[in-house]
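In this note's numbering, the protein residues as written are 3 to 301.
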């Protein structure tokens, strides 16, 4: 049995679910462990407490692991049990993500997988299946419904600019300085050179910043989905014909769920500052994505 821990925000949850579907497609008995959301101690170091948002999607179903199934792989808690697993690695069935891509996980069985699994290569081949299963619940929000129709009728482009928690000292060292002004200027130029009369829809947790820096009839700031409705921003991103992503799994999934043929999707050269930018490797792992670094260079 393969058990995958679900944790983090919506984008990360979708990636863990996507990996679940990939293992299912390979014929593996697979479960999702959602206990992270029920245990406050597991979120002690998380700046914003998270909830299980996968439950909001209409067609998204999965098999959850039981406490007994989790214990069968992780063993019982306690000092001596942890020591035994450390001294006898063969008894340790807990696999932690430590690289951008771990192809070896698909050869494993009876293992507990913990990580975010952001790499496109994990589930690129089953993206049509994921698009058919990740269906946003219907909304009565008139602005959202009108905007989806408008996006469909024009050369719409989403731009996601994440600020908010990325400006906090705890996060700035890890995530700051990646999606720079040069990155966004280059991405916008790339779109303008290939798309006729693009209209840019701007998404951010700092709409005041957007209004100050993006002025003109070709820009629309989307700023009305808040709280429990925030995930509708991801749906609106997916309704655009092209996507410019932040170093954020939220906008990665807005782009992934975009069903437009020959769409342009742009992402930064790295997700966090602890990674080395390796263009050749990135193009292998993120097939058909345009990759731009913090200097605005297309790599």
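Every residue gets a Cβ at the ideal spot worked out from N, C-alpha and C, and that includes glycine.
Across which residues does DSSP place residue 116 in a beta bridge pair? As a first step, residue 116 must be located in the chain shown, where it is residue number 114. For residue 116, which the question treats as bridged, DSSP gives the partners 98.
Simplified DSSP state of residue 200, which is helix, strand or coil: Here the question's residue 200 lines up with position 198 in the chain shown. Three-state result, residue 200: strand.
Any alpha helix (DSSP H) of 4 or more consecutive residues that is wholly inside the region 153-230: 171-177, 183-194, 209-215
Given this structure, state the Cα-to-Cα distance separating residue 74 from residue 52, to the nearest angstrom. In the chain shown, counting from the first residue as 1, residue 74 sits at position 72. In the chain shown, counting from the first residue as 1, residue 52 sits at position 50. In a straight line, the C-alpha of residue 74 is about 26 angstroms away from that of residue 52.
In terms of residue numbering, what span does the beta strand (DSSP E) encompassing residue 269 cover? Taking the chain shown and counting its residues from 1, the one referred to as residue 269 is at position 267. Note, residue 269: beta strand (DSSP E), 267-270.
Residue from 282, 293, 251 with nearest C-alpha to residue 267: The count along the chain shown starts at 1 and reaches residue 267 at position 265. Selected option, being the one with the closest Cα: 293.
Cutoff 6 angstroms; reference residue 150; Cβ partners in own chain excluding five residues on either side: Reading the chain shown from its first residue, position 148 is the one you call residue 150. Correct list, in chain order: 241.
Below 8 angstroms on the Cβ atoms is my guess for residue 270 versus residue 180; work out the distance and round it to an integer in Å. Position 268 of the chain shown, counting from 1, holds the residue named residue 270. Position 178 of the chain shown, counting from 1, holds the residue named residue 180. That belief holds up - the Cβ atoms of residue 270 and residue 180 are roughly 5 angstroms apart, short of 8 angstroms.
Check whether the region 229-243 touches the region 271-291, counting contact only when three or more Cβ pairs, one atom from each stretch, lie closer than 8 angstroms. In short, these stretches do not touch, since the Cβ pair count stays below three.
Among the candidates 98, 71, 19, whose CA atom is the shortest distance from the CA of residue 59? Numbered from 1 along the chain shown, position 57 holds the residue referred to as residue 59. The residue with the shortest Cα to Cα distance from residue 59 is 19.
Contacts around residue 258, its chain only, beta-carbon distance under 7 angstroms, and the 5 residues preceding and following it disregarded: Position 256 of the chain shown, counted from the start, is the residue given in the question as residue 258. Taken in chain order, the residues that qualify are 129.
What number of angstroms, rounded off, separates the C-alpha of residue 160 from the C-alpha of residue 70? In the chain shown, counting from the first residue as 1, residue 160 sits at position 158. In the chain shown, counting from the first residue as 1, residue 70 sits at position 68. The C-alpha of residue 70 is placed about 44 angstroms away from the C-alpha of residue 160.
Please check the pair residue 158 and residue 243, which I expect to be a contact at CB under 8 angstroms, by giving their CB distance rounded to whole angstroms. Residue mapping note: residue 158 aligns to position 156 of the chain shown, counting from 1. Residue mapping note: residue 243 aligns to position 241 of the chain shown, counting from 1. Going by Cβ atoms, the distance from residue 158 to residue 243 rounds to 5 angstroms, so yes, they are a contact pair.
Candidates 223, 148, 28, 115: which alpha carbon is nearest residue 34's? Along the chain shown, one-based indexing puts residue 34 at 32. Cα-wise, what sits closest to residue 34 is 115.
Would you tell me roughly how many angstroms separate the C-alpha atoms of residue 193 and residue 107, rounded to the nearest one? Taking the first residue of the chain shown as position 1, residue 193 is located at position 191. Taking the first residue of the chain shown as position 1, residue 107 is located at position 105. C-alpha separation (whole angstroms): 36 angstroms.
By the three-class DSSP mapping on this structure, what secondary structure does residue 304 have? Residue 304 falls outside the range modelled here, since the chain spans only 3 to 301, and no answer is possible.
Secondary structure of residue 8, DSSP reduced to three states: By 1-based counting over the chain shown, the position of residue 8 is 6. When secondary structure is reduced to three states using DSSP, residue 8 falls in the coil class, being assigned neither helix nor strand.
In DSSP terms, what residue 33 is bridged to: Taking the first residue of the chain shown as position 1, residue 33 is located at position 31. Answer by DSSP bridge pairing, in chain order: 5.
Sequence-distant residues of its chain with Cβ nearer than 8 angstroms to residue 32 (five each side left out): Numbered from 1 along the chain shown, position 30 holds the residue referred to as residue 32. Same-chain partners within the cutoff: 3, 4, 5, 6, 22, 25, 26, 65.
Count the other CB atoms within 10 Å of the CB of residue 251; is the residue buried (16 or more) or exposed (fewer)? On the chain shown, position 249 is the one that residue 251 refers to. Looking at its Cβ environment, which holds 16 or more other Cβ atoms inside 10 Å, residue 251 is buried.
Report buried or exposed for residue 119, applying the criterion of at least 16 other Cβ atoms within 10 angstroms of its Cβ. Counting from 1 along the chain shown, the entry for residue 119 is found at position 117. The residue in question, residue 119, is buried, as its Cβ has 16 or more Cβ neighbours within 10 Å.
Near residue 2, which residues of its chain fall below 6 angstroms by C-beta distance, leaving aside the five closest residues on each side in sequence? An answer regarding residue 2 cannot be provided, because it is not within the stretch 3 to 301 covered by the chain.
Just to check my reading of the structure: residue 101 and residue 291 have Cβ atoms closer than 8 angstroms, yes? What is that Cβ distance to the nearest angstrom? Numbered from 1 along the chain shown, position 99 holds the residue referred to as residue 101. Numbered from 1 along the chain shown, position 289 holds the residue referred to as residue 291. Between the beta-carbon of residue 101 and that of residue 291 there is about 19 angstroms, and that puts the pair past the 8 angstroms contact cut.
Cβ shell of residue 39 (< 7 angstroms), same chain only, five flanking positions each side left out: Position 37 of the chain shown, counting from 1, holds the residue named residue 39. Cβ within range, chain order: 52, 53, 54.
Close beta carbons around residue 297, own chain, < 7 angstroms, minus the five adjacent residues each side: Within the chain shown, residue 297 is the residue found at index 295, counting from 1. Sequence-distant Cβ neighbours of residue 297 in its own chain, meaning closer than 7 angstroms and more than five residues away, are 184.
Residue 261 to residue 246, Cα distance in whole Å? For the purposes of this step, residue 261 is taken as residue 259 along the chain shown, with counting starting at 1. For the purposes of this step, residue 246 is taken as residue 244 along the chain shown, with counting starting at 1. Their Cα atoms are separated by approximately 15 angstroms.
By alpha-carbon positions, which one of 156, 220, 228, 278 ends up nearest to residue 176? Taking the chain shown and counting its residues from 1, the one referred to as residue 176 is at position 174. If we check each option's Cα against that of residue 176, 278 comes out closest.
Got a sec? Which residues, its chain only, sit under 8 angstroms from residue 289 by beta carbon, not counting five neighbours each side? The residue given as residue 289 occupies position 287 in the chain shown. Within the same chain, residue 289 has close Cβ partners 122, 123, 126.
For residue 68, which of 98, 78, 36 has the nearest alpha-carbon? To locate residue 68, count along the chain shown from 1; it is residue 66. Comparing Cα-Cα distances from residue 68 to each of 98, 78, 36, the minimum goes to 36.
Sequence-distant residues of its chain with Cβ nearer than 7 angstroms to residue 255 (five each side left out): In the chain shown, the residue the question calls residue 255 occupies position 253. Around residue 255: 13, 16, 236.
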